[in-house]
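Which chain is which? The protein sequence lines are A and B, in order. 3 is the number of the first residue of the first sequence in the working numbering; add one for each residue after it. 3 is the number of the first residue of the second sequence in the working numbering; add one for each residue after it.
2 protein chains.
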Amino acid sequence: METVLIIEDDSTMLRGLTDNFTAAGYAVLAAADGEAGLNAALDARPDLIILDIMLPQINGYEICRLLRKEKLDMPILMLTAKGEESDIILGLNLGADDYVTKPFSRKELLARAAAFLRRRRQQQTSVYQFGNFTLDLSACSLAQDGRPMKLSPKEFKLLGFFAANKGRALTRDEILNNVWGYNSFAGHRSVDRFVTTLRNKIEPDPHLPIYIHTLREIGYKFDPCDPE
Amino acid sequence: METVLIIEDDSTMLRGLTDNFTAAGYAVLAAADGEAGLNAALDARPDLIILDIMLPQINGYEICRLLRKEKLDMPILMLTAKGEESDIILGLNLGADDYVTKPFSRKELLARAAAFLRRRRQQQTSVYQFGNFTLDLSACSLAQDGRPMKLSPKEFKLLGFFAANKGRALTRDEILNNVWGYNSFAGHRSVDRFVTTLRNKIEPDPHLPIYIHTLREIGYKFDPCDPE
DNA sequence: GACCAACATTACCGTTTTGTTACCGTTTTG
DNA sequence: CAAAACGGTAACAAAACGGTAATGTTGGTC
Numbered sequence: 003m004e005t006v007l008i009i010e011d012d013s014t015m016l017r018g019l020t021d022n023f024t025a026a027g028y029a030v031l032a033a034a035d036g037e038a039g040l041n042a043a044l045d046a047r048p049d050l051i052i053l054d055i056m057l058p059q060i061n062g063y064e065i066c067r068l069l070r071k072e073k074l075d076m077p078i079l080m081l082t083a084k085g086e087e088s089d090i091i092l093g094l095n096l097g098a099d100d101y102v103t104k105p106f107s108r109k110e111l112l113a114r115a116a117a118f119l120r121r122r123r124q125q126q127t128s129v130y131q132f133g134n135f136t137l138d139l140s141a142c143s144l145a146q147d148g149r150p151m152k153l154s155p156k157e158f159k160l161l162g163f164f165a166a167n168k169g170r171a172l173t174r175d176e177i178l179n180n181v182w183g184y185n186s187f188a189g190h191r192s193v194d195r196f197v198t199t200l201r202n203k204i205e206p207d208p209h210l211p212i213y214i215h216t217l218r219e220i221g222y223k224f225d226p227c228d229p230e
Numbered sequence: 003m004e005t006v007l008i009i010e011d012d013s014t015m016l017r018g019l020t021d022n023f024t025a026a027g028y029a030v031l032a033a034a035d036g037e038a039g040l041n042a043a044l045d046a047r048p049d050l051i052i053l054d055i056m057l058p059q060i061n062g063y064e065i066c067r068l069l070r071k072e073k074l075d076m077p078i079l080m081l082t083a084k085g086e087e088s089d090i091i092l093g094l095n096l097g098a099d100d101y102v103t104k105p106f107s108r109k110e111l112l113a114r115a116a117a118f119l120r121r122r123r124q125q126q127t128s129v130y131q132f133g134n135f136t137l138d139l140s141a142c143s144l145a146q147d148g149r150p151m152k153l154s155p156k157e158f159k160l161l162g163f164f165a166a167n168k169g170r171a172l173t174r175d176e177i178l179n180n181v182w183g184y185n186s187f188a189g190h191r192s193v194d195r196f197v198t199t200l201r202n203k204i205e206p207d208p209h210l211p212i213y214i215h216t217l218r219e220i221g222y223k224f225d226p227c228d229p230e
């Protein structure tokens, strides 16, 4: 889960923001002053920081500068009552990524935060782990214990579909439509054949599959946990 | 130099922004309507886009959506007269990175733009190392063990694109759009041919590539580590 | 014009992939 | 229990795919 660190001295505001972000599905770290915030950032390495400018002791600008000096490069979203142009520019120049002035809409703040996190997520690849296998869709690679394995295009697509639907019962028709495509003429048995070759490549014992399970009369189910 | 594309239909505003950005040391591409903007973006691949929402024909949201669909991931800074919260959220959800409402301070806009470009610059290197090769994009040079090698312009661009996307599976379409340009008529097989000539120049054994790997049915992957 | 380099396209060829079939053992059904 | 249904899988032929040499095209230089 993605973690958001909120550094804000106004306790009402802090509680409100915490509620907003937890409700939106983030893990929230809250800090009421600059020092606590700085330590939390260094310690927990959150994915995003919401940073109030007006703080006791160390102010927001200073925190921003220190974080960047420590080579922490998560996005920082600054929050302030001031609407002064020069403040905004100062903040952005110190390495902040965005600037929102109070009073602000909670929804807008959440949307801005989500935009940063989405961008970050885009940059990292989609990887599935199961057993001692690592399936990386964006790199188009499968590795067992770090050793790359060779799969044919269809085998790869099929395994990708399985991994994306872990634990779900999949009919042959569903599999055909998603892996082969809607206007493919491949017959049902083709699925079986590819399941066999996949099993031969990834199952420790292809006759007692622990990843790809057969569901009689239905189809198959990919479930690394399920021993049945 | 960094290129900023400004898409804005109000000619006074467009001229003003162009002046601001050129004065700040950027190369500026200006487009007065959505279609021109879209083509300019696809063609020139600017480092940042300033995008007005209210445009004739195609509106800003649509442009934003289309750009992201084409896998262009440069920062997009939206510009609008509307201050509606729902508009801002819509824009950010469509893949925009920032939102500034008119009237805005020129300095603030420049500062926000600079913040994005600074972040981008941090992330991207212009010198790539792989094997005993050194590829320097800004110097437009490739050297093996310090000895310079000659590459044709397209070979160079292709290798640069590979290096910038190390480890990622690249489809022929992606490669064509990024190396050949969006409105090139080059066919898919042209990619193959250039890969062959590149391999002949950089691979120890072109038949057993260790840098540029073929991904059947997909395209290619540049991965100096991956032996497969 | 002759020449040349860069580039796009084409055609041919070897290899890999893939859909199907057939046969077999197992499970379900009546 | 026997028949039927079902899935596993080896074998095979057709199709798809990528490597690459040859060919055509363009644009620049002498």
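Yeah, the Cβ is synthetic: ideal placement off N, Cα and C, and Gly gets one too.
Helix or strand or just coil, what does DSSP make of residue i?
i: S128/A; result: coil
i: G162/A; result: helix
i: A29/B; result: strand
i: M56/B; result: coil
i: A141/A; result: coil
i: L7/A; result: strand
i: H190/A; result: helix
i: F106/B; result: coil
i: I78/A; result: strand
i: I177/B; result: helix
i: E230/A; result: In this prediction, E230/A has a pLDDT of 48, which is less than 50 and means its spatial position is unreliable; what the coordinates show is noted afterwards. Residue state, collapsed to three classes: coil.
i: K168/A; result: coil
i: P208/A; result: coil
i: R149/A; result: strand
i: L39/B; result: According to the sequence shown, residue 39/B is Gly rather than Leu. In this structure, G39/B counts as helix in the three-state DSSP scheme.
i: Y63/A; result: helix
i: G93/A; result: helix
i: D12/B; result: coil
i: K1/B; result: There is no way to answer for residue 1/B, as the model of chain B reaches only from 3 to 230.
i: G133/A; result: coil
i: G18/A; result: helix
Suppose the cutoff is 7 angstroms on Cβ atoms and the five residues either side in sequence are ignored; what does the same chain contact list for residue i look like?
i: D207/B; result: none
i: I220/B; result: A171 and T173
i: V197/A; result: I214 and Y222
For a quick check, are the C-beta atoms of residue i and residue j less than 8 angstroms apart?
i: I55/A; j: M80/A; result: yes
i: V129/A; j: L160/A; result: no
i: V193/A; j: L178/A; result: yes
i: K223/B; j: L153/B; result: no
i: Y63/A; j: L16/A; result: no
i: V102/B; j: L111/B; result: yes
i: P58/A; j: D89/A; result: no
i: F132/B; j: P226/B; result: yes
i: L2/A; j: R114/B; result: What the structure shows of chain A is the stretch from 3 to 230, and residue 2/A is not part of that stretch, so it cannot be assessed.
i: I65/B; j: V6/B; result: no
i: I214/A; j: R195/A; result: no
i: Q124/A; j: D12/B; result: no
Ignore the nearest five residues each way along the sequence and tell me which others in residue i's own chain have a CB closer than 6 angstroms to its CB.
i: R108/B; result: N22
i: A33/A; result: I9, G39 and A42
i: E4/B; result: Y28, D49 and L119
i: H190/A; result: R174
Just to confirm my understanding: we take residue i, look at its own chain, exclude 5 residues before and 5 after, and list those with CB closer than 8 angstroms. What are they?
i: F118/A; result: L50, P77, L79, D99 and D100
i: K203/A; result: M151, L153 and E157
i: H209/B; result: none
i: N167/B; result: F224
i: T20/B; result: I8, V30 and A32
i: E37/A; result: Q59 and I60
Within 10 Å of its beta-carbon, does residue i have 16 or more other beta-carbons around it, so buried, or fewer, so exposed?
i: P105/A; result: exposed
i: Y28/A; result: buried
i: D175/B; result: exposed
i: A165/A; result: buried
i: L31/A; result: buried
i: P48/B; result: buried
i: A25/B; result: exposed
i: G169/A; result: exposed
i: P211/A; result: buried
i: T14/A; result: exposed
i: A141/A; result: buried
i: F187/B; result: exposed
i: T82/B; result: buried
Shorter than 7 angstroms, the distance from the beta carbon of residue i to the closest heavy atom of the ligand COA, or not?
i: S143/A; result: Questions concerning the ligand COA fall outside what the structure shown contains, since it holds no ligand whatsoever.
Check whether the region 144 to 157 of chain B touches the region 131 to 140 of chain A, taking contact to mean three or more Cβ pairs, one atom from each stretch, closer than 8 angstroms. no
Do the region 67 to 75 of chain A and the region 37 to 53 of chain A make contact, defined as three or more Cβ pairs closer than 8 angstroms? yes
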